[in-house]
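Its first residue numbered 1, the sequence shown is counted upward by one per residue in the working numbering. Cβ atoms here follow ideal geometry from the backbone N, Cα and C, with glycine treated the same way. Below: one structure, written as structure tokens.
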Amino acid sequence: MIPAAFEYHRAQSVDDAIDALGRDEDARLLAGGHSLIPAMKLRIARPSLLVDVGRLDELRYVRDDGDRIAIGALTRHAQLVRDSVLESACPVVARTAELVGDPQVRHRGTIGGSVAHADPASDLPTVLLALDAEFVARGPDGERAIASSSFFTGPFATALGPREVLTEIRVPRVERGVYLKHSRRAQDWATVGVAAAVVDGVTQLAFAGMGGTALRARGVEEALASGADAGRAAARSGEGTEPPSDIVGGSEYRAHLAQVYVRRALDQL
Ligand code: FAD
């Protein structure tokens with residue numbers, strides 16, 4: 001349970017972090033450390049340099065930008081839970097942050113770390129995908145915005161380049177949204193999670209735990225668009241998914257949960 005040896009650099013700014021990432025090809029950013037440090041202790045991750053962005057307060061904010069809400073990547077889950085802008089403009093993000101792990105995890109873990117870590121069972125990436133969120137990355141070549149639909153490229157893999165820092169997450173104003181999570185114990189990751197939201201009048205859904213990345217529930221969305229009721233739409237939950245089998249549950253069990261939770265999410269919406 002002791003990580004392999006590594007160098008440590010505390011970044012003074014985003015640009016300093018980008019520079020430091022360029023000095024070592026095995027460098028990794030450290031934000032809240034609640035995914036990376038456990039992986040290092042298990043020696044699944046062995047970065048030779050940790051670039052600590054965890055104290056960059058400039059990336060800790062929630063801002064109302066009119067039709068979008070901008071969230072700094074280093075905003076901690078606990079801050080999202082009690083943020084008044086989110087509460088009125090996009091409450092599903094705040095209510096989802098409340099379901100992440102336990103109080104200790106929520107007080108250290110960050111939304112940017114959660115997105116960049118890209119665990120297919122994690123909660124906030126699933127909600128952000130359902131919301132069609134946009135991710136802003138800054139690197140040596142400047143800044144770019146990446147659509148959530150093309151951001152998650154595989155299990156624990158994203159479209160971020162090796163020297164890019166995720167700086168901001170942008171979500172639309174959405175009054176009606178819900179995230180439901182089935183887990184064995186209150187603080188666990190989702191066995192299956194379902195996010196549903198009405199974005200610009202269209203009902204959009206995404207799954208956690210139903211494949212190698214957070215996934216849009218395209219079959220359900222199509223059914224709803226063509227006028228199906230919640231029950232008939234939920235019956236199409238399995239389309240485009242590859243639910244894993246593991247110690248927590250088999251793929252058939254997950255497929256069943258997805259259908260039940262889609263139905264519940266649509267009823268609540
Ligand atoms: P870190 O661990 O610091 O980093 C994670 C990865 O993201 C690293 O590869 C790092 O290099 C990269 N990274 C971090 N910030 C950036 C950035 N700004 N730009 C680019 N790359 C970056 N999550 C859930 O969704 N649901 C749960 O129920 C849940 N339960 C948990 C229970 C426990 C006991 C623990 C330890 C964690 C749990 N988590 C859960 C994960 C938690 O949400 C983490 O906080 C989150 O996944 C990672 O955020 P972090 O800030 O700690 O990132």
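Contact between Val51 and His9 is confirmed by a C-beta separation of about 5 Å, below the 8 Å threshold. In chain order, Ala11, Leu29, Val51, Val53, Leu56, Val165 place their CB closer than 8 Å to the CB of Ala17, counting only its own chain and leaving out the 5 sequence neighbours on each side. When Cβ pairs closer than 8 Å are counted between the two stretches, the region 223-241 is seen not to touch the region 134-142, the count staying below three. Going by DSSP, Gly22 is part of no beta strand (DSSP E) at all; its letter is neither H nor E.
Within the same chain, Val92, Ala130, Leu131, Val174, Arg176, Gly177, Gln204 come within 7 Å of Ala197 by CB-CB distance, once the 5 residues on both sides are set aside.
Runs of the beta strand (DSSP E) lying entirely within the region 5-82, each at least 3 residues long, are 7-10, 27-30, 49-52, 62-64, 68-72 in chain order. In the structure shown, Ala235 adopts coil according to DSSP, grouped into three states. Around the beta-carbon of Gly22, fewer than 16 other beta-carbon atoms lie within 10 Å, marking it exposed. A Cβ-Cβ contact shorter than 8 Å links Ala206 with Arg216.
Considering only Ile71, Arg254, Gly113, the residue with the shortest C-alpha distance to Val194 is Arg254. The closest CA to that of Ala234, considering only Asp246, Pro243, Glu242, Glu221, is found on Glu221.
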